[in-house]
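Residue numbers for the sequence shown follow this note's numbering, beginning at 1 and rising by one. Report on one structure; see the data block that follows.
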Amino acid sequence: MAFFWRRKKDEDKFSTSVLGLDKSIEELKAQEAAVEREIGVRFTKAIEKTRHSINNKLDTIFENRKQIDEKFLDELEEMLISTDIGVATTLQVLDAIRRGVSRQEISDLTALKAAMKKEILSILDQSKQSGVASETSIADSIKPYVLMIVGVNGVGKTTTIGKLAQRIKNEGNDILICAADTFRAAASEQLEIWSQRAGVP
C-alpha cells in the first residue's frame with residue numbers, strides 16, 4: 001500500500017507528481033548550476049575571510065619582534081590551528097618555516113608570508129596529484145570501497161558526488177553511485193543526471 005500527500009510549493013524545490021517529474025532535466029541542470037555558483041561564491045567569501053584573518057593575526061603576533069624564535073612559532077602554530085587549516089597542514093608549514101629560518105632565508109614578515117604561501121600551494125599541489133582521499137587511502141585488496149556523503153540540504157552534496165565520481169573514474173576505478181535519500185523529491189533523478197555527466201552507472 002502506498003500513501004501520497006501534497007507538499008507545499010515552498011517546502012521542496014524538487015517537487016514531483018505521482019506520474020513523473022514536474023520539472024524537466026534542463027530545469028534540474030539549471031538548478032544544479034545555480035547551486036554550484038552559489039557554493040563557489042560562498043567558498044570564495046569564506047576563503048577571503050580566512051586569508052584576512054591569517055594576515056591580521058600574523059601582523060599582530062609579529063608586531064614588535066626583531067626575530068623569528070620558538071615563542072613566535074608557538075604563537076603561529078596556535079594561530080594556524082585556530083583558523084581551521086588543520087593540524088597536519090600546520091605542522092608541515094611550521095617545518096618549512098623552521099627550515100627557512102635555520103638557513104637564514106626567512107627573517108621578516110614578508111619572507112615568512114611568502115614561505116607560508118609557497119608551502120601551502122605545494123601541499124595543495126601534492127593533494128591534487130595524489131588522487132582522491134589520499135590521506136585516507138586503503139589497500140587495493142579492500143573492495144568495495146564505499147564513500148558515504150552526508151550533509152544538510154542545499155550544501156552541494158549531489159554536485160560533489162558527481163565531481164568525485166568523475167575524478168575517481170579518471171583515476172582508473174569502477175564507480176557505482178547509489179541514492180540513499182530516496183525520500184527527498186527528485187533525489188534519485190538529480191543523482192542520475194550527475195552520474196550521466198560523469199559517465200558512471
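Ideal Cβ positions, reconstructed from N, Cα and C, are used throughout, including at glycine.
Which word fits residue 148, buried or exposed, when buried means at least 16 other C-beta atoms lie within 10 angstroms of its C-beta?
Classification for residue 148: exposed.
4 or more residues per run - each alpha helix (DSSP H) lying fully within the segment 70–138
Counting only runs of 4 or more, we get 70–82, 87–102 and 109–129.
Which value, in whole angstroms, describes the spacing of the CA atoms of residue 150 and residue 50?
Residue 150 and residue 50 have their C-alpha atoms spaced approximately 25 angstroms apart.
Grab the span of the alpha helix (DSSP H) containing residue 141 for me, first residue to last.
Segment: none, residue 141 is in no alpha helix (DSSP H) and carries neither H nor E.
I need the straight-line Cα distance from residue 80 to residue 152, nearest angstrom please.
Rounded to whole angstroms, the gap between the alpha carbons of residue 80 and residue 152 is 27 angstroms.
As assigned by DSSP and simplified to three states, the class of residue 59:
Look at residue 59 here: in three-state DSSP terms it is helix.
Flag this pair as yes or no: are the beta carbons of residue 83 and residue 54 separated by less than 8 angstroms?
Contact: yes.
Determine, using beta carbons only, whether residue 77 and residue 94 come nearer to each other than 8 angstroms.
Yes, they are a contact pair.
How big is the Cα-Cα spacing for residue 178 and residue 29?
Rounded to whole angstroms, the gap between the alpha carbons of residue 178 and residue 29 is 19 angstroms.
Presumed contact (8 angstroms Cβ cut-off) between residue 161 and residue 168, rounded CB distance:
No, residue 161 and residue 168 are not in contact; Cβ-Cβ is about 10 angstroms, not under 8 angstroms.
Give the secondary structure of residue 156 by DSSP, where H, G and I count as helix, E and B as strand, and everything else as coil.
In the displayed model, residue 156 falls within coil according to three-state DSSP, outside both helix and strand.
Rounding to the nearest angstrom, what Cα-Cα distance links residue 135 and residue 126 in this structure?
With a pLDDT of only 46 at residue 135, under the threshold of 50, the placement of this residue in the model should not be trusted; the figure read from the coordinates follows. Whole-angstrom Cα-Cα distance: 11 angstroms.
Is the distance from the Cβ of residue 105 to the Cβ of residue 96 below 8 angstroms?
Cβ distance not < 8 angstroms, so residue 105 and residue 96 don't count as in contact.
Among 199, 146 and 52, which residue has its Cα nearest to the Cα of residue 180?
The shortest Cα separation from residue 180 among 199, 146 and 52 belongs to 146.
Considering only heavy atoms of the ligand NAP, does any lie closer than 7 angstroms to the CB of residue 51?
Among the components modelled here there is no ligand, and therefore nothing to report on the ligand NAP.
Who are the near neighbours of residue 35 in its chain, counting only those whose CB is closer than 8 angstroms to its CB and skipping five residues on each side?
The residues are 154, 156 and 159.
Can you name the start and end residues of the alpha helix (DSSP H) that residue 189 belongs to?
That run of the alpha helix (DSSP H) goes 187–198.
For residue 61 versus residue 75, is the C-beta spacing smaller than 8 angstroms?
Yes, Cβ-Cβ distance for residue 61 and residue 75 is below 8 angstroms.
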